[in-house]
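In this note's numbering, the protein residues as written are 177 to 436. Structure, as structure tokens:
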């Protein structure tokens, strides 16, 4: 992908310490290149470092070694250019839908003259008529829609999604998967998503990154080249089978202990 690298992650290591002071590798030697406009999903067992990697891209954490850059600029801190959506919607309970969406623009002092943009984003996610509603007055799925556009309206260079649909029931989850795919298509925003759901990853992604248990490493990357995202399609089923086989192998491998 060299020559078209948008997010460049090189030899990244993130190490924590256990109660005895021994090192625990959350991430080890992570190399990943992401092109502009891609939708990349990161899949792996619990504790493999998926969210840690996402937090590093967001600038919410720093590696012990290695580098992360967006368009050649090293990531050193959080920024509106790295939008972040959590598993829970984390809306401000005292603010209406409109004010939640506009919050980032107001904090940056650029809200004036962009009121129509807030309206357009609310229209895009199908919540026209709920602008004055408060988080406790709308469903979890609606709240998560608001959280997604609250991050997108700041026009981030990358939108980071940490299991954004994990707390929803199966029907709402499929509904929001379609919405997220539609939003990605319309905005062409680079997106990186953490998920445990292989079908979700195939349905949304251009590429799927598979990680091993701790120490988290990238074991495989699958290109998603499907004519359609129908889960009953033979190509979809075959890709799911390949990914599940790799995940099973990764989970079955013994974890390496580091005593340095």
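Note that beta-carbon positions come from the ideal geometry of N, C-alpha and C, so glycine has one too. Bear in mind that the values here come from a model prediction, so they are computed numbers and not experimental data.
Inter-residue Cα distance where the pair is residue i and residue j
i           : j           : result
residue 388 : residue 235 : 23 Å
residue 368 : residue 216 : 5 Å
residue 297 : residue 316 : 18 Å
residue 308 : residue 321 : 15 Å
residue 239 : residue 246 : 15 Å
residue 187 : residue 202 : 13 Å
residue 190 : residue 263 : 22 Å
residue 281 : residue 265 : 18 Å
residue 329 : residue 359 : 12 Å
residue 380 : residue 223 : 23 Å
residue 221 : residue 418 : 16 Å
residue 435 : residue 252 : Only weak support is given to the placement of residue 435: the predicted model assigns it a pLDDT of 36, under 50, and the value that follows is read from those uncertain coordinates. Their Cα atoms are separated by approximately 29 Å.
residue 204 : residue 272 : 42 Å
residue 416 : residue 392 : 21 Å
residue 301 : residue 414 : 32 Å
residue 183 : residue 196 : 35 Å
residue 356 : residue 198 : 41 Å
residue 257 : residue 402 : 30 Å
residue 351 : residue 375 : 14 Å
residue 408 : residue 364 : 27 Å
residue 141 : residue 279 : Here the chain comprises residues numbered 177 to 436, so residue 141 is not present and cannot be evaluated.
residue 306 : residue 336 : 25 Å
residue 334 : residue 424 : 30 Å
Rounded distance between the beta-carbons of residue j and residue i, thought under 8 Å
i           : j           : result
residue 218 : residue 212 : Not really, about 18 Å apart at Cβ, beyond 8 Å.
residue 206 : residue 229 : 6 Å
residue 325 : residue 277 : 6 Å
residue 208 : residue 385 : 7 Å
residue 244 : residue 323 : The Cβ separation is near 24 Å, so there is no contact.
residue 261 : residue 338 : 7 Å
residue 406 : residue 398 : Not a contact, Cβ separation roughly 18 Å.
residue 259 : residue 343 : Actually they do not touch by this definition, with Cβ atoms about 19 Å apart.
For residue i, the first and last residue of its enclosing alpha helix (DSSP H)
i           : result
residue 209 : Looking at the DSSP string, residue 209 is not in any alpha helix (DSSP H); the run it does join, the beta strand (DSSP E), is 199-210.
residue 379 : 374-380
residue 228 : 226-234
residue 359 : 346-363
Residue i: first and last residue of the uninterrupted beta strand (DSSP E) it sits in
i           : result
residue 456 : Beyond the ends of the chain as shown, which are 177 and 436, falls residue 456; an answer cannot be given.
residue 317 : No beta strand (DSSP E) contains residue 317, which is instead part of the alpha helix (DSSP H) from 316-328.
residue 341 : Residue 341 -> no beta strand (DSSP E), and no H or E assigned at all.
residue 366 : 366-370
residue 219 : 215-219
residue 190 : 183-193
residue 241 : 241-246
residue 396 : 394-399
Within-8 Å CB hit, residue i to chain B
i           : result
residue 330 : No chain B appears in this structure, which consists of one protein chain only.
Burial state of residue i, where buried means 16 or more other Cβ atoms lie within 10 Å
i           : result
residue 192 : exposed
residue 383 : buried
residue 361 : exposed
residue 354 : exposed
residue 250 : exposed
residue 377 : buried
residue 345 : exposed
residue 311 : buried
residue 366 : buried
residue 185 : buried
residue 291 : exposed
residue 341 : buried
### Query
Mind pulling the alpha helix (DSSP H) runs of 4 or more residues that sit fully within the region 250-293?
As for any alpha helix (DSSP H) of minimum length 4 sitting wholly inside the region 250-293, the runs are 273-283, ordered along the chain.
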